[in-house]
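Student: Letter 81 of the sequence shown, counting from 1, is numbered 657 in the numbering used here, and no numbers are missing.
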Amino acid sequence: MTAALLGFTVAATLLILAPGPDSMLVARNCLRGGRRVGWYTAAGTLTGLLAWAAAAIIGVSSLIAASRVGYDLLRLAGAAYLIWLGAASLWPRHRTGTERQLGERGPSAGVGTRRAYVNGLISNLCNPKIGAFFVAFLPGFIPAGVPAREFSILLGAWFAIETAVWLSVVVVMVDRGVGWLSRSGVRRGLERATGVVLIGLGLRLATESR
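Here you go:
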């Protein structure tokens, strides 16, 4: 069982570190609203992740993965949401002279904590690849003779913990870099780049086949 958990940890780490909409969305909201907004976005993402894990354990994700219509509806909804978020990052926001001078971040930057949480939650729940991932990925790491449901819960929780650690790293890195980004005038360019990446991820999700 220890070997299976170790193997899952290595595989999950590689998957989590791969660039994806969750980490990009956390970085985008942290840039727009600061560390607190980044935490709330990460919390919404983790809520969605745990919901997918629970759904996979009780079999709901299996039904979605087996249904072409259900899968495509979620996929297209998720793609549209990512594209909308990316476009919002590209759209110029009106800021006061004080904000432009000081590079202020916070609710005035256009992202509140409640909206940030919903951003992370909806983005994650509208990505059917996550449900399919749990259905297809977790069973491969369940050793013979071990209760499948209990071990799946353990693996799902462990994946969520690893994701939480990574998203926390993203928040801290972005938050610590925002000061010099604001002073050098690069912050807005980075936000635009993040928006382009989110749009690209949305288009990829919309056009890819199962």
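Yeah, the Cβ is synthetic: ideal placement off N, Cα and C, and Gly gets one too.
#1: Please state if the CB of Leu622 and the CB of Ala736 are separated by a distance shorter than 8 Å.
#2: With a threshold of 7 Å, establish whether the CB of Leu781 neighbours any heavy atom of the ligand FAD.
#3: Does DSSP classify Gly662 as helix, strand or coil?
#4: Please report how far the alpha carbon of Arg768 lies from the alpha carbon of Ala720, in whole angstroms.
#5: Leu593: buried (16+ other C-beta within 10 angstroms of its C-beta) or exposed?
#6: Quick one: is Arg604 buried, meaning 16 or more other Cβ sit within 10 Å of its Cβ, or exposed?
#7: Is Glu784 helix, strand or coil by DSSP?
#8: Got a sec? Which residues, its chain only, sit under 6 Å from Gly662 by beta carbon, not counting five neighbours each side?
#9: Can Pro597 and Leu777 be called in contact, C-beta distance under 8 Å?
#10: Using a C-beta cutoff of 8 Å, does Leu591 count as contacting chain C?
#11: Can you tell which of Tyr657, Leu652, Gly635 has the C-alpha that lies nearest to the C-alpha of Glu784?
#12: Return the Cβ separation of Leu743 and Ala655 in integer angstroms, given the expectation that the two are a contact with Cβ distance under 8 Å.
#13: Using a threshold of 8 Å, state whether the C-beta atoms of Ala630 and Glu738 are closer than that.
#14: Can you tell me the Cα-Cα spacing of Ser728 and Asn703, whole angstroms?
#15: Throw me the rounded Cβ distance for the Leu607 and Val750 pair, which I believe falls under 8 Å.
#16: What is the DSSP secondary structure of Ser728, counted as helix, strand or coil?
#17: Once the 5 residues before and after Phe584 are set aside, which same chain residues still bring their CB inside 6 Å of it?
#18: Excluding sequence positions up to five away, which residues of its chain have a Cβ less than 6 Å from the Cβ of Leu658?
#19: Please list, in chain order, all residues of the same chain as Met577 whose beta carbon is under 7 Å from its beta carbon, the five residues on each side excluded.
#20: From Val748 to Ile706, what does the alpha carbon distance come to, in whole angstroms?
Tutor: Checking against the coordinates, here is how it stands:
#1: yes
#2: Although the ligand FAD was asked about, the structure shown includes no ligands whatsoever.
#3: Reduced to three states, the DSSP call for Gly662 is helix.
#4: One Cα belongs to Arg768, the other to Ala720, and the distance between them is close to 49 Å.
#5: Under the 10 Å beta carbon count, Leu593 is surrounded by fewer than 16 other beta carbons and is classified as exposed.
#6: Result: buried.
#7: coil
#8: Gly771, Leu774, Ile775
#9: Result yes, Cβ atoms of Pro597 and Leu777 sit closer than 8 Å.
#10: As a matter of chain content, chain C is missing from the structure shown, which is built from one protein chain.
#11: Leu652
#12: That pair is no contact at about 21 Å.
#13: no
#14: Looking at the two C-alpha atoms, the distance is approximately 20 Å.
#15: Leu607 to Val750, Cβ: 6 Å. Contact.
#16: helix
#17: Shown here for Phe584: same chain residues with a beta carbon closer than 6 Å to its own, the five before and five after excluded, namely Phe717, Leu731 in chain order.
#18: Pro597, Leu774, Leu777, Gly778
#19: Excluding sequence positions up to five before and after Met577, its CB lies within less than 7 Å of the CB of Pro719, Val722, all in the same chain and listed in chain order.
#20: 25 Å
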